[in-house]
Amino acid sequence: MIAVDPLSEDAEQRQLFSDWLDVETTSQRDVFGPDHSAWSADEVRGRRRGSTHQFTDRAAVGEGGRVVGMLSVAEPLHDNHELALVKLSVLPTARRRGVGRLLLAEAESVVRAHGRALVQASTEGSRTGVDGPGDAFAASQGYEPAQTMLRSVMPLPADRHKLESYADGDGVEDAAAFAVEASWDGVPEAWLDDLAVLEQRMSTDAPMGDLALEEEDWDAERVRSELQWALDAGRRLVVVVARDLSVDRLVGFTQVQVSQDSPEVAYQQDTLVLTEARGNGLGLRMKARAALELMDELPGVAGVRTWNADDNTHMLAVNADLGYEPGAYLREWQKRL
Ligand SMILES: CC(C)(COP(=O)(O)OP(=O)(O)OC[C@H]1O[C@@H](n2cnc3c(N)ncnc32)[C@H](O)[C@@H]1OP(=O)(O)O)[C@@H](O)C(=O)NCCC(=O)NCCS
Numbered sequence: 031m032i033a034v035d036p037l038s039e040d041a042e043q044r045q046l047f048s049d050w051l052d053v054e055t056t057s058q059r060d061v062f063g064p065d066h067s068a069w070s071a072d073e074v075r076g077r078r079r080g081s082t083h084q085f086t087d088r089a090a091v092g093e094g095g096r097v098v099g100m101l102s103v104a105e106p107l108h109d110n111h112e113l114a115l116v117k118l119s120v121l122p123t124a125r126r127r128g129v130g131r132l133l134l135a136e137a138e139s140v141v142r143a144h145g146r147a148l149v150q151a152s153t154e155g156s157r158t159g160v161d162g163p164g165d166a167f168a169a170s171q172g173y174e175p176a177q178t179m180l181r182s183v184m185p186l187p188a189d190r191h192k193l194e195s196y197a198d199g200d201g202v203e204d205a206a207a208f209a210v211e212a213s214w215d216g217v218p219e220a221w222l223d224d225l226a227v228l229e230q231r232m233s234t235d236a237p238m239g240d241l242a243l244e245e246e247d248w249d250a251e252r253v254r255s256e257l258q259w260a261l262d263a264g265r266r267l268v269v270v271v272a273r274d275l276s277v278d279r280l281v282g283f284t285q286v287q288v289s290q291d292s293p294e295v296a297y298q299q300d301t302l303v304l305t306e307a308r309g310n311g312l313g314l315r316m317k318a319r320a321a322l323e324l325m326d327e328l329p330g331v332a333g334v335r336t337w338n339a340d341d342n343t344h345m346l347a348v349n350a351d352l353g354y355e356p357g358a359y360l361r362e363w364q365k366r367l
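Now the structure itself:
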């Protein structure tokens with residue numbers, strides 16, 4: 031097992047980092063083919079430069095010095111001080127030889143050494159109802175399934191007329207009480223405080239299944255740096271908000287990002303409408319506006335990919351209206367050490 035430093039400029043470390051990342055990409059391709067969601071090297075490095083988590087990265091090396099397994103432990107620094115998020119993959123050709131077990135034991139020992147006690151990890155499969163390669167492994171290592179997310183895709187371009195009607199809130203009583211606004215590749219300073227409130231509420235108000243997560247701690251600076259690292263890593267991004275015109279405050283937001291390494295796919299990030307503003311069709315209005323923004327600004331995007339809790343009936347209904355179709359799944363597992 032060797033320590034990996036994604037930010038090192040040393041030639042040997044750079045090669046190690048590339049091989050380490052390749053294990054994850056190969057693993058993702060094994061399940062999803064070209065529709066995988068693995069991050070690029072620039073994105074991983076960008077994330078490491080961000081300050082919200084502390085990372086520990088390890089590579090498992092097999093015969094001939096070949097990297098056969100990758101591990102990454104992310105520990106939130108601002109909140110959730112008991113929690114560690116573990117990612118691990120083993121090359122399909124090196125599985126069922128105990129490498130995964132070794133990597134997970136290493137992860138748990140890092141977590142313990144850092145005084146943390148709650149480990150969460152995720153597994154993915156290309157079809158709901160058919161387990162992917164990680165589920166039996168996670169269960170065999172004492173992890174409990176805590177939440178299942180459905181991965182859906184909205185094909186683009188979509189019916190512009192229909193999207194415009196949704197975005198305008200046609201047929202919604204009180205639609206004129208709210209404005210839906212969009213901002214590309216960064217947000218106005220004046221949005222930051224309201225977005226911090228929305229992000230913090232996202233951490234408590236979105237369905238979480240059995241995941242033991244605490245409220246996150248957000249401020250304007252954290253909102254700014256979360257957008258900045260993605261921009262620095264070459265992503266394009268659009269934030270769409272809903273403004274309550276009676277009090278001039280943002281009461282909802284959604285965000286979509288597009289990686290420069292996969293310009294044909296947009297990734298839907300968080301979406302939230304404050305509890306007190308729900309029932310005004312704002313989720314649909316904002317997501318429709320985001321889809322229109324993508325069609326105009328990035329016409330090469332062929333679809334928006336999103337993950338939603340399988341019990342989030344409201345969001346799933348909004349997505350169905352927009353043309354999202356579920357296919358794959360992501361399952362969150364957790365274990366208390
Ligand atoms: C999950 C993964 C890391 C396991 O790696 P691995 O090196 O094959 O795992 P191990 O050989 O250490 O397996 C340990 C035990 O897990 C269980 N297990 C692992 N894969 C299994 C499978 N496909 N079917 C049933 N049981 C499995 C077995 O009990 C196994 O012990 P055994 O081989 O003595 O029967 C690998 O399949 C992978 O990279 N999957 C894709 C990424 C992923 O899902 N990561 C999240 C993991 S929480």
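Counting in my numbering, the sequence shown runs from 31 upward without gaps.
The C-beta atom is built at its ideal place from N, Cα and C for all residues, glycine as well.
Since the model is a prediction, treat every value here as computed from it, not as a measurement.
Meets three-Cβ-pair contact criterion under 8 angstroms: the stretch 249 to 258 and the stretch 197 to 214: No: fewer than three Cβ pairs fall under 8 angstroms.
In this structure, how does DSSP classify Q45 when only helix, strand and coil are distinguished? Here residue 45 refers to the residue found at position 15 of the sequence shown. The answer is helix: DSSP assigns Q45 an H, G or I state.
When you compare only the Cα positions, how much space is there between A205 and E194? Here residue 205 corresponds to residue number 175 of the sequence shown, with the count starting at 1. Here residue 194 corresponds to residue number 164 of the sequence shown, with the count starting at 1. C-alpha separation (whole angstroms): 13 angstroms.
Just to confirm my understanding: we take L107, look at its own chain, exclude 5 residues before and 5 after, and list those with CB closer than 8 angstroms. What are they? Taking the sequence shown and counting its residues from 1, one reaches residue 107 at position 77. Excluding sequence neighbours, L107 sits near S81, T82, H83 and Q84.
Heavy atom of ligand 1 less than 8 angstroms from the Cβ of Y173, yes or no? Against the sequence shown, residue 173 aligns to sequence position 143. Checking the Cβ of Y173 against ligand 1 gives yes.
Is the distance from the Cβ of M232 to the Cβ of D300 below 9 angstroms? Within the sequence shown, numbered from 1, the residue matching residue 232 stands at position 202. Within the sequence shown, numbered from 1, the residue matching residue 300 stands at position 270. Cβ atoms of M232 and D300: closer than 9 angstroms.
Less than 6 angstroms between C-beta atoms, sequence neighbours within five positions excluded: which residues of the same chain meet that for M345? Looking up residue 345 in the sequence shown gives position 315. N338.
Going by the C-beta, is G130 closer than 8 angstroms to any heavy atom of ligand 1? For the purposes of this step, residue 130 is taken as the residue at position 100 of the sequence shown. G130 has its CB nearer than 8 angstroms to a heavy atom of ligand 1.
What first and last residue would you give for the alpha helix (DSSP H) that runs through Y196? Locating residue 196 in the sequence shown gives position 166, counting from the first residue. R190 to D198 is the extent of the alpha helix (DSSP H) around Y196.
If contact is defined by three or more beta carbon pairs under 8 angstroms, each pair taking one atom from either stretch, is the stretch 121 to 136 in contact with the stretch 87 to 96? Remark: three or more beta-carbon pairs, one from each stretch, lie closer than 8 angstroms, so the stretch 87 to 96 and the stretch 121 to 136 are flagged as touching.
Through-space distance from G264 to D49, alpha-carbon basis: Here the question's residue 49 lines up with position 19 in the sequence shown. Here the question's residue 264 lines up with position 234 in the sequence shown. Taking the straight line joining both Cα atoms gives about 21 angstroms.
Give the DSSP-derived three-state secondary structure of S38 in the structure shown. Counted from its first residue, the sequence shown places residue 38 at position 8. If DSSP states are grouped into helix, strand and coil, S38 belongs with coil.
Give the DSSP bridge partners of P106, in chain order. Residue 106 sits at position 76 when you count from the first residue of the sequence shown. Note: P106 is bridge-paired with H83 in the DSSP secondary-structure output.
For Q171, which residues of its own chain have a beta-carbon under 6 angstroms away from its beta-carbon, when the five flanking residues on both sides are left out? Translated into the one-based positions of the sequence shown, residue 171 becomes position 141. Taken in chain order, the residues that qualify are L134.
Would V377 and V331 be called neighbours here (beta carbons separated by less than 9 angstroms)? Absent from the structure is residue 377, since the part of the chain shown begins at 31 and ends at 367.
Quick check: is any heavy atom of ligand 1 less than 8 angstroms from the C-beta of W50? By one-based count along the sequence shown, residue 50 stands at place 20. No, since every heavy atom of ligand 1 falls outside the 8 angstroms radius drawn around the Cβ of W50.
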